[in-house]
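Before any comments, here is the structure.
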Amino acid sequence: MAETTQATNHNNVLLEVNDLKMHFPIRKGFVRHVVGHIRAVDGVTFAIKSGETLSLVGESGCGKTTTGRCILRAYDPTTGQILYRRPDGEVVDLAALDRNALKPYRREIRTIFQDPYSSLNPRMNVLDIVGEPLRVNEGLTGRALEDRVAVLLRQCGLRAEYMHRYPHAFSGGERQRIGIARALALNPRLVVCDEGVSALDVSVRAQILNLLQDLQEQYKLTYLFIAHDLSVVEYISDRVAVMYVGKLVELAETEELYVNPKHPYTEALLSAVPKPDPRLSSRGQGIILEGDVADPSHPPSGCYFHPRCRYTQERCSQETPALRDTGAGHFVACHYAEQLTLRGAVARI
Ligand code: SF4
Numbered sequence: 001m002a003e004t005t006q007a008t009n010h011n012n013v014l015l016e017v018n019d020l021k022m023h024f025p026i027r028k029g030f031v032r033h034v035v036g037h038i039r040a041v042d043g044v045t046f047a048i049k050s051g052e053t054l055s056l057v058g059e060s061g062c063g064k065t066t067t068g069r070c071i072l073r074a075y076d077p078t079t080g081q082i083l084y085r086r087p088d089g090e091v092v093d094l095a096a097l098d099r100n101a102l103k104p105y106r107r108e109i110r111t112i113f114q115d116p117y118s119s120l121n122p123r124m125n126v127l128d129i130v131g132e133p134l135r136v137n138e139g140l141t142g143r144a145l146e147d148r149v150a151v152l153l154r155q156c157g158l159r160a161e162y163m164h165r166y167p168h169a170f171s172g173g174e175r176q177r178i179g180i181a182r183a184l185a186l187n188p189r190l191v192v193c194d195e196g197v198s199a200l201d202v203s204v205r206a207q208i209l210n211l212l213q214d215l216q217e218q219y220k221l222t223y224l225f226i227a228h229d230l231s232v233v234e235y236i237s238d239r240v241a242v243m244y245v246g247k248l249v250e251l252a253e254t255e256e257l258y259v260n261p262k263h264p265y266t267e268a269l270l271s272a273v274p275k276p277d278p279r280l281s282s283r284g285q286g287i288i289l290e291g292d293v294a295d296p297s298h299p300p301s302g303c304y305f306h307p308r309c310r311y312t313q314e315r316c317s318q319e320t321p322a323l324r325d326t327g328a329g330h331f332v333a334c335h336y337a338e339q340l341t342l343r344g345a346v347a348r349i
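Quick look at the structure:
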């Protein structure tokens, strides 16, 4: 069971992930013996409050997307709980449900995919793409379906007349708007946005982020935002959780994490965020992390980050630091979080 939880007010928590693990077996030989496991997610615990945006960040391969897929139950987690609070207050462990029992929750938890080019079926027009969940789940057809799709497209900044066009006729930003309209079709409560703006140009990215914020306000949506770009995360998140090799290493309110990071890995990620004013870059150079990201099938002993950490001490290679609250909901997994003075991001102007 998890050592700690970030849930400050349980009635306000929409989703609570407790000690989630997703270990993929490595098979070898003619009879496909299991010779090891890739610990893609290795004991992750966090909570998402209703109406907030929590971002999961970290380098590629850190387990953030796998965590999102476990919540969506695209994967069956190895162990752990995914506690989801229904509108009537009942709490259900999604990790324990079978495929049939999960069906009602698939309406309430939807996803926006990373790549607006490959996530839309090129043989379906926009009416079919956005309308499919409505047809399958609510039995809508004909004029009623077209009317609902028209409303969804307008809400996402697209013209209703476009519904008979095919994906190839749209730009990347417009395709992502179609993906968002599809995700919203069934009035979800939680939206997992997996690198939803990473494939877009910077200017289009800002438009889509604004749209997501407007929709959140309008529909009281809760977002789990998965990204590697910390500048995007800063703009949209209420809180940010940093992952490294399948584990959460830091979680805090956005401003607190950016100004006052307490984990050396977060400090390194923040040092790579582009500065808004070149004159401010003199305040600090980027931190170059030595070595590669640890292999999740053979993680190092103790703190997984210790081979790359510039503050490492003897204890770090022997004892695994637990994620603990250092005050005001700032969670850190580092033995020396209180002693280290780390550099945050340069203040925005
Ligand atoms: Fe670095 Fe040690 Fe903290 Fe790990 S526990 S982040 S190695 S100082």
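The opening position of the sequence shown corresponds to residue 1 in the working numbering, with each subsequent residue numbered one higher.
Positions of the beta carbon are idealized from the N, C-alpha and C atoms, including for glycine.
### Sufficient close CB pairs (3 or more, under 8 Å) joining the region 131-143 to the region 216-224
Touching, no, given that fewer than three Cβ pairs across the two stretches are closer than 8 Å.
### Message
Strictly closer than 5 Å from CB to any heavy atom of the ligand MN: give me those residues in the order they appear in the chain.
### Response
Absence of the ligand MN is noted for the structure shown, with the ligand SF4 being the only ligands found.
### Query
In chain order, what residues of the same chain lie with their CB nearer than 8 Å to the CB of A40, ignoring the 5 residues before and after it?
Position 40 of the sequence shown, counted from the start, is the residue given in the question as residue 40. Beyond the five residues adjoining it in sequence on each side, A40 comes within less than 8 Å, by CB distance, of M22, H23, F24, G63, T66, G246 and P296 in the same chain, given in chain order.
### Query
Would you say L120 and G179 are within 8 Å of each other, going by their C-beta atoms?
The residue given as residue 120 occupies position 120 in the sequence shown. The residue given as residue 179 occupies position 179 in the sequence shown. Taking 8 Å as the Cβ cut-off, L120 and G179 qualify as a contacting pair.
### Range covered by the alpha helix (DSSP H) that runs through S351
Outside the shown range of the chain, which is 1 to 349, sits residue 351, and nothing can be said about it.
### Message
Assuming the contact rule is C-beta atoms closer than 8 Å, P188 and R110 should be a hit. Round their C-beta distance to whole Å, please.
### Response
Your numbering for residue 188 matches position 188 in the sequence shown. Your numbering for residue 110 matches position 110 in the sequence shown. 4 Å between Cβ atoms; contact.
### Task
Please name the residue in T312, S317, T320 and E319 whose C-alpha comes closest to that of Q339.
Position 339 of the sequence shown, counted from the first residue, corresponds to residue 339. Answer by Cα proximity: T312.
### Task
Measure the C-alpha to C-alpha separation of L56 and R69 and round it to an integer number of angstroms.
Within the sequence shown, residue 56 is the residue found at index 56, counting from 1. Within the sequence shown, residue 69 is the residue found at index 69, counting from 1. Between the C-alpha atoms of L56 and R69 there is a straight-line separation of about 13 Å.
#### Entry: Range of the contiguous beta strand (DSSP E) that encloses D19
By one-based count along the sequence shown, residue 19 stands at place 19. In the DSSP assignment, D19 falls within the beta strand (DSSP E) that extends over V13 to K28.
### Task
Please list the segments of the beta strand (DSSP E) lying wholly inside the region 69-143, counting only runs of 3 or more residues, in order along the chain.
If we require 3 residues or more, the beta strand (DSSP E) runs fully inside the region 69-143 come out as 79-85, 91-93 and 109-112.
#### Entry: Separation of L270 from V233, as counted between CA atoms
Here residue 233 refers to the residue found at position 233 of the sequence shown. Here residue 270 refers to the residue found at position 270 of the sequence shown. Distance between V233 and L270, taken at the CA atoms: about 11 Å.
### Query
In whole angstroms, what separates the C-alpha of E16 from that of G172?
The residue labelled residue 16 in the question sits at position 16 within the sequence shown. The residue labelled residue 172 in the question sits at position 172 within the sequence shown. So the alpha carbons of these two residues sit roughly 33 Å apart.
### Task
Measure the alpha-carbon distance for E290 versus E108 and round it to whole angstroms.
As a working note, residue 290 is residue 290 in the sequence shown. As a working note, residue 108 is residue 108 in the sequence shown. Each residue's CA atom was taken as its position, placing E290 and E108 some 42 Å apart.
### Task
Measure the Cβ-Cβ separation of E267 and R343 and say whether it is below 8 Å.
Walking along the sequence shown from the start, residue 267 turns up at place 267. Walking along the sequence shown from the start, residue 343 turns up at place 343. With contacts defined by Cβ atoms closer than 8 Å, E267 and R343 form a contacting pair.
### Query
Where S301 and H37 are concerned, what is the direct C-alpha to C-alpha distance, given to the nearest angstrom?
Start at 1 with the first residue of the sequence shown, and residue 301 comes out as number 301. Start at 1 with the first residue of the sequence shown, and residue 37 comes out as number 37. Looking at the two C-alpha atoms, the distance is approximately 16 Å.
### Task
Mind listing, in chain order, the continuous alpha helix (DSSP H) runs of no fewer than 4 residues lying wholly within the region 220-274?
Runs of the alpha helix (DSSP H) inside the region 220-274: 230-236, 254-259 and 264-271.
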